[in-house]
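**Student:**
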Amino acid sequence: MIKATRKTGLVFFPAFDWAISPTHPEREERLLYTRDQVFEEGLFDIEGIIEFKPDMVTRDDIRRVHFCVPDEWSVVTESHLVSGGGAKTIGSVVMEKKVEKGFALVRPPGHHAMRVVHGARGFCNINIEAIMIEYLRDAYGVERVAIVDTDCHHGDGTQDIYWHDPDTLFISLHQDGRTLYPGSGFTHELGGPTAFGTTINIPLPPRTSEEGFLYAVDNVILPLLEEFKPELIINSAGQDNHYTDPITDMQFSAQGYAKLTEKISPDIAVLEGGYSIEGALPYVNVGIILALAGIDYSSVKEPDYDRNMLKQSRESMEYIRKTCDQVMEYWEKAPSIKEKMLASGSIKERERTIYYDTDNILENQKEQIVLCKDCPGMYSIESWTDRGKRILAVHIPRKACSRCEDLGYKIYETSARKNLNLIFLQDRKNKQFFVNEPGK
Amino acid sequence: MIIGLDVGGTHTDVVLISSGGLLNQIKVPTNSDDLYNSVLDGLNKILKNVDVNAIERIVLSTTLTTNAVVSNTLQPVGLIVSSGPGINPEHYRIGDHFFCVKGSIDHRGREVQPIEPLEIEAIASRMRSEGIKSVGVIGKFSVRNPSHENKIVKLLDGSFNYVLAGHRVSGNLNFPRRIATVYLYSAVYEIHKNFFDAVTQSLKSKGIKVPIHILKADGGTMSVETSVQFPGQTILSGPAASVMGAVPYAQSSGDSLVMDIGGTTTDMAILVNKVPLLEPLGIELGGYKTLIRALKTKSIPLGGDSAVSVDGNKNLAIGPQRTGPAMAFGGSEPTPTDALIFLEIMKSGDFNKAKEAMNKVSSKLGCSNMEAAQLVHIKFCEKLLAAANEMINEINKRPVYTVHEFLEGHQVKPSEILVLGGPAPYFAEQLEKMSGLPVRVVPNWNVANALGAALARATSEITLFVDTERGIASAPEEDFYKPVDKEFTLEDAKRLAFSILRNKVIREGSATDEIEMEILEEQQFNMVRGFYTTGKNIRVKVQVKPGLIKNYDNITSKFV
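Structure below.
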């Protein structure tokens with residue numbers, strides 16, 4: 114009989130009664146065939162694979178991560194609460210050592226959801242990995258976390274949330290942003306001034322196959338994880354790099370995903386995208402589960418899998434090598450650049466525009482962060498949308514120094530202007546969250 | 006008149022009932038080496054001075070196949086397994102005649118790789134030369150498309166006594182369990198058939214010609230003919246008999262906890278509105294995880310005769326082993342029954358021996374006999390309730406896959422406890438005190454199992470799978486297959502499923518006027534390819550749920 118060599122927990126929540134819209138890729142049918150395959154393979158009967166029922170995300174869980182406009186309940190559905198809750202459950206059972214590895218096979222996904230949430234972007238409303246991580250930080254005192262995002266789309270939401278957090282290493286491996294939504298995730302995106310170098314992007318050219326992906330894993334991801342020494346490795350396990358995925362252009366496979374999982378060896382994997390619901394997901398998910406549990410996955414293959422058909426070009430491989438070299442160079446230089454940036458000790462400002470493709474909202478942001486030498490720095494975001502909402506959000510980081518902490522409260526208390534609909538204060542240091550409606 | 010017979014580990018219980026109530030009850034010792042004579046002995050005794058022409062119905066529940074599985078006295082089985090990509094099927098090897106062959110079907114039921122007839126013929130000839138008489142054929146996703154299994158069965162035609170295809174045992178997806186289930190059916194085929202051929206023959210010779218029904222693990226019955234075709238369904242029917250015996254007395258709305266307290270073990274089950282809960286997939290026995298439909302029961306090694314011991318740290322333990330009867334009944338080790346007798350809750354057996362038993366316990370604990378007996382009594386009930394809670398938590402933690410079920414799902418919370426079995430009445434008061442729930446003793450608690458068998462009605466289940474993009478509707482258990490068009494709806498599917506189920510359960514011995522069918526699962530998915538809906542994927546699972554025959558209350562109301 115088969116036995117898992119690593120005890121592995123699974124939360125399976127396919128939300129068979131929830132869709133963004135009837136023909137949307139994120140629809141009821143998405144995990145149907147995965148369910149069929151997982152059940153038919155009898156995975157839940159294997160000794161050492163344990164299925165857990167998901168918990169539900171609470172408002173406080175969301176408030177550790179997001180500023181939701183106008184409030185939490187307006188931007189989520191019950192399905193998001195269960196999907197995020199599933200990630201939380203898996204995180205808890207891993208932290209409590211009930212299992213060694215965990216996989217939240219849940220939908221809807223979350224990695225495009227940013228710190229400020231006005232609606233849905235890239236099928237995501239709330240960031241389920243970030244909600245899990247911040248919950249684990251508060252509940253179990255986890256400090257250093259690494260997130261490896263292997264979805265084909267750049268994990269711009271997770272990147273945004275951890276842009277200023279030097280304790281969270283975010284690595285995204287994805288199809289080059291010049292050829293795919295959301296159009297970001299270039300090698301020079303390395304994090305904010307106080308967390309410079311803990312955001313890492315590895316854009317891969319279209320049609321990258323097993324060879325290219327595993328090269329990036331071996332030559333960038335594994336050395337970085339080794340050096341960063343996280344207490345917890347999270348894999349945002351999107352499955353849309355698959356050669357059959359309808360909305361991307363890569364050539365990865367179930368075997369490739371299983372090998373990648375085995376190499377990265379995440380403590381927790383969370384399903385993200387992946388919309389080849391028949392040709393890829395059933396096989397990729399089985400491969401990932403077996404690889405996590407340490408069970409032989411060598412015969413998990415798509416019926417039409419042909420390794421030779423999926424060979425990438427020599428030019429492609431050369432390009433990937435160069436990209437990886439460049440990323441490693443940035444990684445090595447980042448600490449000294451960071452030091453220079455912080456030397457001024459002033460405030461750094463950035464402005465940007467964010468488009469919510471799923472809900473068709475245009476958001477403008479002005480962000481100001483304190484270049485603090487003693488902590489990751491308090492920051493505030495003024496955000497306004499084409500729907501006429503304008504908010505001010507203040508974030509005090511977990512490890513804020515007392516000056517940044519005081520400044521955060523001061524800004525929150527003195528910024529009541531008529532044109533602001535809402536002012537938020539997210540005090541992660543003291544685990545507090547405040548909302549002020551100046552108009553009322 | 007109806008005869009119900011339940012073979013237990015120590016006793017075989019037989020009841021004779023009619024609309025006038027319980028006419029007679031018999032207990033004969035079970036000889037596990039000769040179950041046939043135990044059954045016959047019981048039947049002979051109950052039939053004494055009875056007009057056999059007045060017998061309308063006979064239901065038998067035996068431990069025949071259960072014992073065969075547990076003691077591993079199973080006949081050799083040849084297994085032909087086709088899987089395609091996925092976990093290597095060699096991991097699921099059972100026995101020496103396990104053959105992995107070419108051929109594969111995907112999750113939609115599409116052929117990925119055809120079977121190779123020459124390969125099958127070679128295996129068939131090898132199995133014949135090895136003396137194999139019973140063969141199972143199992144394919145991955147065969148419940149989505151049974152054609153490979155059917156082709157292989159056809160190639161084996163005529164060469165073996167018993168050939169079973171995997172899609173016939175269950176519509177559920179689970180390839181490893183399908184292999185184990187088909188194996189067990191095939192491995193108990195001969196012993197089951199020989200036994201019931203003999204029983205049927207002997208009843209015939211007594212002039213009894215009414216159909217004989219056999220109890221299944223799901224608390225329902227099937228005709229003896231069906232049982233020969235699908236013998237594995239009789240495995241673990243024992244606990245089901247007792248649970249069905251409690252059903253008449255359960256509250257009609259709300260959750261009930263049933264405890265069958267025996268000498269060695271206690272079996273527990275949950276009734277919701279008088280209907281027992283089922284295992285999600287099937288029974289697990291002797292290391293085999295199966296798709297055999299069964300009541301959700303939990304068995305713990307704790308009973309009236311469990312040995313009571315005290316270790317060096319003055320820790321009191323009850324069970325798990327039973328060394329013999331209570332000391333008050335001639336045994337050598339103290340038991341909970343001795344405590345009951347010493348406390349004068351139970352007024353039989355040798356009081357002085359019970360006192361001696363309590364002495365053995367109290368001397369090690371350093372307390373009085375009275376305190377020791379009370380401690381045993383309380384601890385026994387504590388263990389029962391803890392096990393019950395464990396089972397209920399496990400049921401309530403069962404994962405669900407829709408937002409609706411997540412928000413609305415039924416959480417089991419018993420509002421009464423029904424107890425039956427030998428020592429049951431003597432624990433009732435204490436259980437009530439400790440659980441805070443009303444505890445009722447099932448009338449005729451000592452033969453409730455045989456009554457449960459007598460009153461159980463036929464049950465059945467089928468799964469209908471419709472894929473309008475592929476244009477098919479299929480119910481694998483019934484080998485049903487029908488082309489459908491794009492207009493086929495969920496309502497059509499439900500109607501079709503009910504009609505297939507009705508035919509099935511009548512064929513398997515149900516009276517036509519007691520078929521209560523219900524939907525267990527219904528799901529409909531729009532299949533979208535590109536940006537267009539190309540079809541519907543519908544899954545409907547329907548059952549005749551476990552319950553009692555029509556007008557049972559006329560009979561049971563006269564028991565109390």
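Listed in order, the protein sequences are those of chains A and B.
The working numbering puts the first sequence at residues 114 to 553.
The working numbering puts the second sequence at residues 6 to 565.
Where is the CB? At the ideal position from N, CA and C, for every residue including glycine.
Should the stretch 547-565 of chain B be regarded as contacting the stretch 502-509 of chain B, the criterion being three or more beta carbon pairs within less than 8 angstroms?
**Tutor:** Yes, the stretch 547-565 of chain B is in contact with the stretch 502-509 of chain B.
**Student:** Between which residues of its own chain and A:K166 is the CB-CB distance below 8 angstroms, once the five residues before and five after are set aside?
**Tutor:** V124 and T202.
**Student:** Check whether the stretch 342-358 of chain A and the stretch 253-270 of chain A are in contact - that is, three or more C-beta pairs closer than 8 angstroms.
**Tutor:** The stretch 342-358 of chain A vs the stretch 253-270 of chain A: in contact.
**Student:** Would you say B:T270 reaches chain A, if we count a Cβ-Cβ gap shorter than 7 angstroms as a contact?
**Tutor:** No, no contact with chain A.
**Student:** Is any beta-carbon of chain A found at less than 7 angstroms from that of B:F146?
**Tutor:** It does; some Cβ of chain A falls within 7 angstroms.
**Student:** Who are the Cβ neighbours of A:D251 in its own chain at under 8 angstroms, not counting the five residues just before and after it?
**Tutor:** Same-chain partners within the cutoff: R177 and K544.
**Student:** List the DSSP bridge partners of B:M132.
**Tutor:** In DSSP, B:M132 forms no bridge with anything.
**Student:** Quick check on this structure: which residue in B:E349, B:G291 and B:G552 has the alpha carbon closest to the alpha carbon of B:S76?
**Tutor:** Checking every option, the nearest Cα to that of B:S76 belongs to B:G291.
**Student:** Is any heavy atom of the ligand GTP found at a distance shorter than 6 angstroms from the C-beta of B:I397?
**Tutor:** Annotation note on the ligand GTP: not contained in the displayed structure, which lists no ligands.
**Student:** Using DSSP bridges, identify the partner residues of B:H218.
**Tutor:** Answer is B:V64 and B:S228, bridged to B:H218.
**Student:** Quick one: which residues of the stretch 115-137 of chain A get their C-beta closer than 8 angstroms to a C-beta of chain B? List them in chain order.
**Tutor:** Answer set for the stretch 115-137 of chain A: I115, V124, F125, F126, P127, A128, F129, D130, W131, P135 and T136.
**Student:** Using C-beta distances below 8 angstroms, list every residue in its chain close to A:R140, excluding the 5 sequence neighbours before and after it, in chain order.
**Tutor:** Contacts found: A132, I133 and S134.
**Student:** Within its chain, find whatever has a CB closer than 6 angstroms to the CB of B:P325; leave out the 5 residues flanking it on each side and keep chain order.
**Tutor:** Closer than 6 angstroms at Cβ, skipping near neighbours: P306.
**Student:** Quick check on the DSSP output: the beta strand (DSSP E) that includes A:C517 runs from which residue to which?
**Tutor:** Taken as a continuous stretch (DSSP letters only), A:C517 belongs to no beta strand (DSSP E), being part of the alpha helix (DSSP H) at S515 to T527.
**Student:** Would you report the Cα separation of A:A243 and A:L373, rounded to the nearest angstrom?
**Tutor:** A:A243 and A:L373: Cα-Cα distance of roughly 22 angstroms.
**Student:** Would A:G298 and A:P316 be called neighbours here (beta carbons separated by less than 7 angstroms)?
**Tutor:** A contact, by the Cβ cut-off of 7 angstroms.
**Student:** With a threshold of 16 other CB atoms inside 10 Å of the CB of B:S88, please say whether the residue is buried or exposed.
**Tutor:** Buried is the call here.
**Student:** What residues of chain B sit near A:P336, judged by a beta carbon separation below 9 angstroms?
**Tutor:** Within 9 angstroms Cβ-Cβ: nothing; A:P336 doesn't reach chain B, min ~33 angstroms.
**Student:** Around the Cβ of B:I524, are there at least 16 other Cβ atoms within 10 angstroms (buried) or fewer (exposed)?
**Tutor:** That one is exposed.
**Student:** Cutting at 8 angstroms between CB atoms, please list the residues of its own chain near B:I397, excluding the five before and the five after it.
**Tutor:** The answer, listed in chain order, is L262, I275, V417, K418 and P419.
**Student:** For the pair the stretch 534-551 of chain A and the stretch 17-25 of chain B, tell me if three or more CB-CB distances fall below 8 angstroms.
**Tutor:** At 8 angstroms Cβ cutoff, the stretches do not touch.
**Student:** Are the stretch 226-237 of chain A and the stretch 269-283 of chain A touching, with three or more C-beta to C-beta distances below 8 angstroms?
**Tutor:** Cβ pair count under 8 angstroms is three or more, so yes.
**Student:** Within the continuous alpha helix (DSSP H) that includes A:N348, where are the two ends?
**Tutor:** Run containing A:N348: none in the alpha helix (DSSP H); it sits in the beta strand (DSSP E), L345 to A350.
**Student:** Buried or exposed, going by whether 16 or more other CB atoms sit within 10 Å of the CB of B:H415?
**Tutor:** Burial call: exposed.
**Student:** If the cut is a Cβ gap below 9 angstroms, which residues of chain B does A:K166 touch?
**Tutor:** N401, K402, R403, P404, V405 and F411, listed in chain order.
**Student:** Kindly indicate the opening and closing residues of the beta strand (DSSP E) around A:G215.
**Tutor:** Element bounds for A:G215: K214 to V219.
**Student:** Would a check of beta-carbon distances place A:E139 closer than 7 angstroms to chain B?
**Tutor:** Judged by the 7 angstroms Cβ criterion, A:E139 is not in contact with chain B.
**Student:** Along the beta strand (DSSP E) that carries B:K211, what are the first and last residues, could you check?
**Tutor:** Note, B:K211: premise wrong, no beta strand (DSSP E); not H, not E.
**Student:** Within a Cβ cutoff of 7 angstroms, which residues of the same chain sit near A:Y468, ignoring the five residues on either side of it in sequence?
**Tutor:** Excluding sequence neighbours, A:Y468 sits near L475.
**Student:** With distances taken Cα to Cα, identify the nearest neighbour of B:T517 among B:E466, B:A498, B:M332 and B:K555.
**Tutor:** Here the closest residue by C-alpha is B:K555.
**Student:** What three-state label does DSSP hand A:W497 in the structure shown?
**Tutor:** Three-state result, A:W497: strand.
**Student:** Report the rounded CA-to-CA distance for A:L282 versus A:F326, giving the unit in angstroms.
**Tutor:** About 19 angstroms.
**Student:** Between the C-alpha atoms of B:V277 and B:D260, what's the straight-line distance to the nearest angstrom?
**Tutor:** The straight-line gap from Cα to Cα measures roughly 4 angstroms.
**Student:** By Cβ distance below 7 angstroms, which residues in the same chain neighbour B:C386 in space, the five residues on each side in sequence not counted?
**Tutor:** Same-chain partners within the cutoff: F432, Q435, L436 and M439.
**Student:** Considering just the uninterrupted stretch of the alpha helix (DSSP H) at A:G392, what are its terminal residues?
**Tutor:** Run containing A:G392: none; DSSP gives neither H nor E here.
**Student:** With a cut-off of 7 angstroms, does the C-beta of A:P551 fall near any C-beta of chain B?
**Tutor:** Chain B, which has no Cβ nearer than 7 angstroms to the Cβ of A:P551, makes this no.
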